[in-house]
Ligand code: GLC
């Protein structure tokens, strides 16, 4: 990834998301750390990823796994030191891997010195004003609660301040007051701190909620967008080429403004697409995917969607209708323990009953739909989860490097790890681990390496346009990606059974489809419908070669 030379590097990136604590333990204390992570960069390079997204690693009481920041400019001592982080940056860059870190703008931990100072400062003082206070808990009554399983209100009484403070997440995460110019200046300085060290991008956590206004939902407000434009302008001025990625769990038309006129965020996650991919698979019908992408507005040239199948949170079902939500829960979380807030706390492999073909099919979509894909650590080997653990801990277990009792994650015994490795017979580290899969040419890991290698050879996947192709069978999803001379046809069979379709590819008559994994030429596209058949959960990517360019014989 040539971050320095190509300002649009994030468009071609393959992102890998991990938590430092969960990846590799370098000092044997049972908690993953930067030293351990540096030792695994060769693994990530071989996997083919080009951007490493690190979950929060800052000093924190860890009541929300680090999203409760107590110091924006440090490293949690369990993970190492700032020096260790610098080494990680240098080593990642040496391998062409960009580093993306979290900028938790919306809130801090209640342990943060700003909050400690605010609650003691007199009402109306600039120090008190770092956060959002009220004498009663009826203000901003139109605002939904996000952590529905744990929080009853967005207000919590603070004895010391003698006032209620506002929080969109856990009550120990007071929201910062972005109407206060000092707060905006502080966060900008935090961004400068990390960008100055060489960090390539920032995931802007919980970005829709920065500003509150009476009579609104307190989400996506124009004032919030103004804050982002300020941040972006400074970044462009001082650190050109660095990237901002919005975490806005909203409908596509509400996310669209986070790109602005190319003057807010470079990237934003496409949240509503994700559950619809799972829905399409279960319904064996392409419609949910086609529908949401058709309703996704165009974005500025330099901007990019962030795509993912799973991440460190629950599979959120906020951006679906009530009916769809019921269906998803029925289809994917019959066990009530798998549910959390408005979502499902499961990893990729268990969501699809550990069916290899379905994992591959979903990844083929992730890697060929318009946007930059993110792989959640462990999903490349098909790791499992544990719904019995609290909150989202069940999808944040130690990376499974080997079949050893501590999963090759740590030299410490299993009982001394920050979280016990998964040990069940299907997904446990004895059955699912990197060491074994590297040795096995037909493993999921090897398959992922191969797919990533292929994707990286064609910039059309990261940069091209999208056109759906109509066909005679709803169970087969077909679309064309185009960028310059490159034209790629992607087809995916969402059914468990073999399916035929006849695709309308008239616009490409005369071209020869060449299947990209095996390099096999298929029958030339004629004026009439193009017939295609795919095995259960099969998929294929075809390069549509112009007649002269097609290989003969
Ligand atoms: C984001 C994070 C989530 C965290 C929340 C509050 O949604 O992804 O893990 O709990 O913000 O910071």
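Numbering (the working numbering), first residue to last: 2 to 554. Every residue gets a Cβ at the ideal spot worked out from N, C-alpha and C, and that includes glycine.
Proximity test, residue i beta-carbon vs the ligand GLC heavy atom, cut-off 7 Å
i	result
residue 170	yes
residue 259	no
residue 150	no
residue 68	yes
residue 313	yes
residue 281	no
residue 23	no
residue 248	yes
residue 353	no
residue 251	no
residue 206	yes
residue 65	yes
residue 343	no
residue 256	no
C-alpha distance - residue i paired with residue j, whole-angstrom precision
i	j	result
residue 39	residue 92	7 Å
residue 196	residue 263	20 Å
residue 282	residue 224	39 Å
residue 68	residue 175	12 Å
residue 553	residue 100	With a pLDDT of 48 at residue 553, under the threshold of 50, the predicted position of this residue should be treated as unreliable, though the coordinate-derived value follows. Going from the Cα of residue 553 to the Cα of residue 100 covers about 44 Å.
residue 460	residue 316	29 Å
residue 44	residue 13	20 Å
residue 237	residue 160	42 Å
residue 228	residue 453	36 Å
residue 48	residue 97	13 Å
residue 354	residue 348	10 Å
residue 541	residue 362	9 Å
residue 233	residue 538	42 Å
residue 451	residue 544	17 Å
residue 426	residue 253	40 Å
residue 137	residue 338	35 Å
residue 120	residue 178	13 Å
residue 358	residue 135	54 Å
residue 84	residue 200	14 Å
residue 466	residue 332	32 Å
residue 301	residue 261	8 Å
residue 173	residue 164	15 Å
Residue i at chain C interface by Cβ criterion, 8 Å
i	result
residue 545	Going by chain labels, chain C is absent from the structure shown, which holds only one protein chain.
Cross-strand partners of residue i (DSSP beta bridge)
i	result
residue 540	493
residue 546	513
residue 309	375
residue 99	52
residue 165	135 and 158
residue 203	102 and 245
residue 487	484
residue 13	DSSP output for residue 13 lists no bridge partner at all.
Could you say if the segment 66-84 and the segment 17-24 meet the contact criterion of at least three C-beta pairs nearer than 8 Å?
The answer is yes - the segment 17-24 touches the segment 66-84, with three or more Cβ pairs under 8 Å.
Under 8 Å, with one C-beta from each stretch per pair, do the segment 272-290 and the segment 309-324 reach the 3-pair mark?
The segment 272-290, when compared against the segment 309-324, does touch it at the 8 Å Cβ threshold.
Three or more C-beta pairs under 8 Å: does that hold for the segment 375-384 against the segment 444-458?
Under the 8 Å Cβ criterion, the segment 375-384 counts as touching the segment 444-458, having at least three qualifying pairs.
Quick test of the definition: if touching needs 3 or more C-beta pairs under 8 Å, does the segment 367-376 touch the segment 393-404?
Touching, no.
Tell me whether the segment 433-440 and the segment 329-346 touch, counting them as touching only if at least three CB pairs, one residue from each stretch, are closer than 8 Å.
Not touching, per the Cβ criterion.
Can we say the segment 105-125 touches the segment 27-34, given the rule of at least three CB pairs closer than 8 Å?
Result no; under three Cβ-Cβ pairs closer than 8 Å.
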